[in-house]
Amino acid sequence: MTQFVRRVDKMSRIVIPAEYRKNTGIHEMTEVRITESNGKIIIEKLAPLCKICGATENINQEMEVCKDCIEKIKAL
Ligand SMILES: [Zn+2]
Numbered sequence: 134m135t136q137f138v139r140r141v142d143k144m145s146r147i148v149i150p151a152e153y154r155k156n157t158g159i160h161e162m163t164e165v166r167i168t169e170s171n172g173k174i175i176i177e178k179l180a181p182l183c184k185i186c187g188a189t190e191n192i193n194q195e196m197e198v199c200k201d202c203i204e205k206i207k208a209l
């Protein structure tokens, strides 16, 4: 496992190493969940959610809306 050392800045921010971002699919504006366990901070990419109903499956990545909601909108 590659290890990186980062210094927390004045605003309490750290940069996630590019290699980790690439490997985990975390990009600019990706929502992440941050939890703490036994003194370790865990950052996880959130599954994309439908902006309308909150579903986690069949999400159109570009629109961030699920297939069912797209069909409902089309039927209006
Ligand atoms: Zn939906």
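Every letter in the sequence shown is one number past the one before it in the working numbering, and letter 64, counting from 1, is 197. Even glycine gets a Cβ: it sits at the ideal position worked out from N, Cα and C.
Asked                                                                                                                                              : Found
Quick check: the Cα distance between N193 and T163, rounded to an integer number of angstroms?                                                     : 15 Å
Can you list, in chain order, the residues of its chain whose CB lies under 8 Å from that of R139, leaving out five sequence neighbours each side? : I147, V148, P150
Please check the pair K178 and G158, which I expect to be a contact at CB under 8 Å, by giving their CB distance rounded to whole angstroms.       : 6 Å
May I ask you to check if the CB of A180 is nearer than 7 Å to at least one heavy atom of ligand 1?                                                : no
Can you check DSSP and say which residues form a bridge with N193?                                                                                 : V198
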